[in-house]
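Only one structure is covered here, and it is reproduced in the block below.
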Amino acid sequence: MLMKILVLNGPNLARLDIRDSSIYGDLDYTELRQLIESSCKSHGFEADIRQSDDEATIIGWLHEAADEKLPVIFNPAAFTHYSYAIRDAAALLTTPLIEVHLSNTMSREEFRHTSVISGVAKGTIAGFGPHSYVLAIIALKGILG
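Using this note's numbering, read the sequence shown as starting at 35 and increasing by one per residue.
Rendered as structure tokens:
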């Protein structure tokens, strides 16, 4: 039986096909989901992948993960930089949360250099495009043993 993990994606991630590919890569959201699902399966996980542009929905999903004790891989997207409500929900987790970003946020605009999520995450992986998720899956496997 595969261990279930929650993979959460924040605002605008479902629109990868029309975003700047030099920043976000060449995969559309369906292809990104397929990459995550196949990588999870090959590392012994079942991925429950979700995306929302709505802060309240993401908070509800983090509450669900806390209640069900699910590990989380989380790309908070723009919420990374200012959503203390999402940070507080993420802090409720007793299982690992790995923060993921497609782009290297530190090489972008200055406002993207701050993450309110990093302080409650086990770690952050950024700048490797879609492979950031694969690296997070590998890291999660190592953390969980």
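Using N, Cα and C, we set each Cβ at its ideal position, and we do this for glycine too.
Values in this document were obtained by computation on a predicted structure and should not be read as measured data.
Just how far apart, CA to CA, sit residue i and residue j?
i, j, result
"R49", "M35", "33 Å"
"F113", "S152", "12 Å"
"D60", "D51", "8 Å"
"I134", "A124", "The sequence given here has Val at residue 134, not Ile. Distance between the alpha carbons of V134 and A124: 14 Å."
"I70", "D88", "22 Å"
"V168", "E144", "26 Å"
"N43", "E102", "19 Å"
"H165", "I172", "11 Å"
"F162", "Y63", "16 Å"
"L40", "T148", "24 Å"
"R67", "D82", "10 Å"
Counting C-beta neighbours from all protein chains within 10 Å, is the total for residue i 16 or more, i.e. buried, or is it exposed?
i, result
"L178", "exposed"
"T139", "buried"
"H97", "exposed"
"S76", "exposed"
"S72", "exposed"
"Q85", "buried"
Relative to the C-alpha of residue i, which residue among the options is closest?
i, options, result
"P45", "H115, G78, E102, S152", "H115"
"T129", "Y63, D51, L174", "L174"
"L126", "A155, Y167, R67", "A155"
"V106", "D82, E89, L131", "L131"
"A160", "G176, N109, I172, V150", "N109"
Contact the segment 89–97 vs the segment 108–120: 3+ CB pairs below 8 Å: In short, these stretches touch, since the Cβ pair count reaches three.
Segments assigned alpha helix (DSSP H), at least 4 residues, entirely inside the segment 48–115: 55–58, 63–76, 89–102
3 or more residues per run - each beta strand (DSSP E) lying fully within the segment 123–176: 131–135, 157–160
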